[in-house]
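See below for the structure under consideration.
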Amino acid sequence: MSETGSSRMTANRAPKKSIARKLAMLVTIAVATSAIAMSGVLLWRQTSHYAETKSKSLFASAHVFAAAAARGVAARDQNAVYQVIKAIGQIPDLIYARVESRGQLLAVMGGATQLDGDLRVTEGEALSISPLAILSSRSIQVEVPIINGGVNVGRFVLVADTRDLAEELQDAFKGMALGSAMALGVGLLVAFRLQKVFTKPILELSDAIWRIRRSHDYTDRVISKSDDEVGLLIDGFNAMLEELEERDKSLAAHRRDLEKDVSDRTRDLRIAKEAAESANSAKSDFLATMSHEIRTPMNGVMVMAELLAASDLPERQRRYAEVISKSGQILLAIINDILDFSKTESGKLQLEKIALDPAALAEDVTSLFAERAREKGLDLVSYVSPATPRLMTGDPVRINQIIANLVNNALKFTESGSVILKVGPDPKNLSRIRFAVTDTGIGIRAHKLRDIFGAFTQADQSTTRRFGGTGLGLAISKRLIECMEGELEVKSVHGRGSTFAFSIPAGACEKPANWPSPRKAGATALVAVKGDATRATVLRYLREAGYDAAEARGEILVADLVIADPHRIDAVERREDGYVLCLATFGDPAAHLMVRDGRADAAVSCPLRRSELVSLLSKIKVGHMLGGADDRRASGAVALPRHEGLRVLVADDTAINREVAIETLGQLGAIVETAENGLEAVTAVENGDFDIVLMDVSMPEVDGFEAARRIRERGGAAGKERVPIIALTAHVVGRAADAWKAAGMDGVLYKPYTIRSLAECLDTFKPRSQGATTKSEKSTSRAENQATRCFDAPLLNEKKLSGLGLLANDGPTPFLRRVFGLYLDHAPKSVAEMREALDAGDQVKIGRAAHALKSMSVNIAVDRVVAMAEDIERRANSDGSVGAENIALLDKALADTFEMIRNIGAGDAQAAPLPAQQAKTA
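Quick note on the numbering used here: the sequence shown kicks off at 562 and runs consecutively.
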């Protein structure tokens, strides 16, 4: 180290305030404080002693003079009295004397100016004079009586000066100052000697610190020469040096082994990374395999259920098929969520925001669990408040999943009683919709309520053993509700049941529809239903609609409207113009048999569906017959693209899947051939002429990927036209999900598929041009196909009108006549709007006009116009392919419909001429 650096450190080592200086200052302050305190005490005691001595001296002198002057005062001899007190002038400090007798002044000696605050002492106060009073007074006055022969003959007053007090105090302070100076000198001498004892080991320690700092030699030590606090300080410093020495040794050893440790840890990290990647790959493979194994059989279930629901079935059987189809859709949505596992784990769950009907969600869930509730003997019902919006915004699949989970839990943990699903605006916040499931089950203990929302958690182990389940349902539901900005809450009483409820924002809503009121004021209704919850719900609905509703009790009763179970329908009677509705349990034909036998007007589903009850009440309000309630044909079914004559090859190794494809493609008008494996598919394409190939990717001998590659290779070598190949696969995750691209396929259709998704796929990949077909010829061909399909529908469905009570043997009812008259006036206007929109090239306006015509046509059962308008609406909204040919065909169908309406005597009003008729007239 340089001298400059050393000198700088030496300079830095010089203390700013030395211990010697601090010790000297401390001694000085101590001595000064003591001197001041002692001076105060001395002043106090000296002043008190002076006051006592001075007072006693004055009283003694006053008594002497009073005794000497007593005879003269008694004789009132002023000269004798003056001679006595004249001697006062010879006594130091006495400055004034006065003799009084009977209120008169006899003699005065000396002169003094006394202030009001000067001290005046009586003989009894001599010992209690305050030092402060002496210090603040310039004189002391005493007063004694003059006694002559035992008789008080006067008063003697004597005043003394207190100037001698200052001299006495000054002498005392001089002595005190001398003593303090001597004490200070002795104290500083002692401090000087002591500071050497304290500072020497500290300075030695400081030198050692600076020495070690320069040399970095932590083996150096400081020798302790005392066992006091300084010795402890030195011992602590030495201990710190030992720890530093050990640390240096450890760091040196660590540096030596660091490279090896880094290599070892890098190897461990690589192994852990490979294990994690392997586990992740295994998870993905498992999910892909699980997806394929589940989705493959679901393909047959869903498509066949969809075909069954669209077929010509009675209402009850069609409802069963719809429940199967909807359940399959819900299951497929849940499977898709499981496959999107990474997003779920990372909290990136995506929610839809579309319009949905909360009442329909509630009804679908109760219908789904109806059979399970019936098996356990439970009363399952849903109640949707009339104040509930007809439409709200949300994710229907997720909300359905949550409701289904809560209802499933309620049914699982309820052995007897009921389960009620209630839907309505949240009373705490009307902008939210509240769903609540209440059961009469086992309930939950209060201290367990906070734990049930955890994953793999149930109320207790006995619950798991008794009822089964993984405990995931509530945890998943809670997470979904939180994603919807809602909150899941639970109220429960052990042994009496529970209520699970959640409320979510309603978003953009459509206000609730008005409930149908009774036909007449004061209409009565009787309810004879077995289940307490269902009975209470029916009564509540009827009362909200305006009926005077009550439970049927005792003997047979009569009412305007009766709703009863099949076995209790004889306990109530309707009035002459009244109605009877029979509650129909899923799987029980009794209610439908009563409708067939005329003992009831219509069957009402159980679990209760609010939409069905509202529809029946609406018909009752206008006096319609209810027999057509079960004749719900698929008039509302969405029209699908037709593929007449399209040649399709289906390659699949599963017989069920081939049967599903044959039936589905047949419904769409296609011509189907099949192959059971990839080798047969390659041979079929080589020897046949197909427009599209639907190729399953997992087949024996030659899988779909290899078959597609061979088709592409052989087709290219032979110069054949490329045929579109669509991959059919249940693999939606993993490597197999995207392998179709590398195999040369043109697209993919994931299993399970729907009829619509298959139709749209064919529409996308079918050959667009065959030969030199012009745009006009294609439009004409489409129009001809449309005519072939739509002209199969009847012009006027008289059976449907008769079932609704609008058409009798003698012709239409007056109500139907009025409706037909309005239809004859307004329908041509919609056609005219379509033509104007076509001239303007506005396909959207064409779709709106077609929708308006379809809506008014559905209500009067003119099925052919409905089919035509529906096809035009679909074309306008999908690809904008509506041409003049389509409108011309609709115009012709409308003209034929008008003619039929007039033929049955319903055309009293003169219809406006159709645009086509106007053109012919011109």
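Glycine is no exception: its CB is placed at the ideal position from the N, C-alpha and C atoms. As the structure is a prediction and not an experimental result, all values here were calculated from the model.
Relative to the Cα of Leu1319, the nearest Cα in the group Val1427, Asp1403, Ala1110, Glu1224 belongs to Glu1224. With three or more CB-CB distances shorter than 8 Å, the stretch 947–961 counts as touching the stretch 1063–1082. Straight across, the Cα-Cα distance linking Met1045 with Leu912 is about 8 Å. Ser1166 carries a strand assignment under DSSP once its states are collapsed to helix, strand and coil. Here Leu967 has Val998, Phe1061 as same chain residues with Cβ atoms under 6 Å from its own Cβ, once five neighbours each way along the sequence are excluded. Gly1139 and Lys1415 have their C-alpha atoms roughly 33 Å apart.
Ala965 and Leu1377 have their alpha carbons spaced roughly 43 Å apart. Taken in chain order, the whole alpha helix (DSSP H) runs of length 4 or more contained in the stretch 1025–1099 are 1034–1044. In the structure shown, Gln665 adopts extended strand secondary structure according to DSSP, grouped into three states. If you look at Lys983, you'll find it in the beta strand (DSSP E) that goes 979–987.
Only residues of its own chain outside the window of five on either side were considered, and among them Asp940 have a CB closer than 6 Å to the CB of Gly1092, listed in chain order. The shortest CA-to-CA distance from Ala1152 to any of Asp1386, Ala1231, Ile1124, Ser1442 is the one to Ile1124. Between Val942 and Ala1161, the CB-CB gap reaches or exceeds 8 Å. When DSSP states are grouped into helix, strand and coil, Met670 belongs to the strand group. Note on Gln1404: 16 or more other CB atoms within 10 angstroms of its CB, so buried under the neighbour-count rule. In this structure, the beta-carbon distance from Leu726 to Tyr611 falls below 8 Å.
Listed as beta-bridge partners of Arg1208 by DSSP are Ile1232.
Taking C-beta separations shorter than 7 Å and ignoring five residues to either side along the sequence, the partners of Glu1173 in its chain run Val1165, Ser1166, following chain order. Distance from the Cα of Val958 is smallest, within the candidate group Glu704, Gly1372, Ile1003, Lys887, for Lys887. Residue range 957–973 is occupied by the alpha helix (DSSP H) that includes Pro957.
At least 8 Å separates the beta-carbon of Ser741 from that of Thr723. Inter-segment contact for the stretch 1210–1219 and the stretch 1250–1270 is present: three or more beta-carbon pairs are separated by less than 8 Å. Annotation: Tyr643 is outside any beta strand (DSSP E); the continuous alpha helix (DSSP H) that includes it extends over 639–646.
Per the coordinates, the alpha-carbon of Gln731 lies some 22 Å from the alpha-carbon of Leu680.
Sorting Leu1087, Pro1077, Val1119 by C-alpha distance to the C-alpha of Gly1184 places Pro1077 at the top. Gly1249 places its beta carbon less than 8 Å from that of Glu1234. Selection Gly633, Leu619, Met670, Lys1052 evaluated against Ser662 yields Gly633 as nearest (Cα-Cα). Note on Trp1301: 16 or more other CB atoms within 10 angstroms of its CB, so buried under the neighbour-count rule. For Met1417, the enclosing alpha helix (DSSP H) has its first and last residue at 1404–1419.
Straight-line spacing of the CA atoms in Val1133 and Leu1118 works out to 5 Å. Between Thr1146 and Asp1109, the CB-CB gap reaches or exceeds 8 Å.
Cα atoms of Ile915 and Arg993: separation of roughly 16 Å, rounded to the nearest angstrom.
If you keep only unbroken alpha helix (DSSP H) runs of at least 4 residues inside the stretch 1264–1294, you get 1265–1279. If you look at Arg724, you'll find it isn't in any alpha helix (DSSP H); DSSP assigns it neither H nor E.
With respect to Asp1131, Val1090 sits apart: the two C-beta atoms are not nearer than 8 Å.
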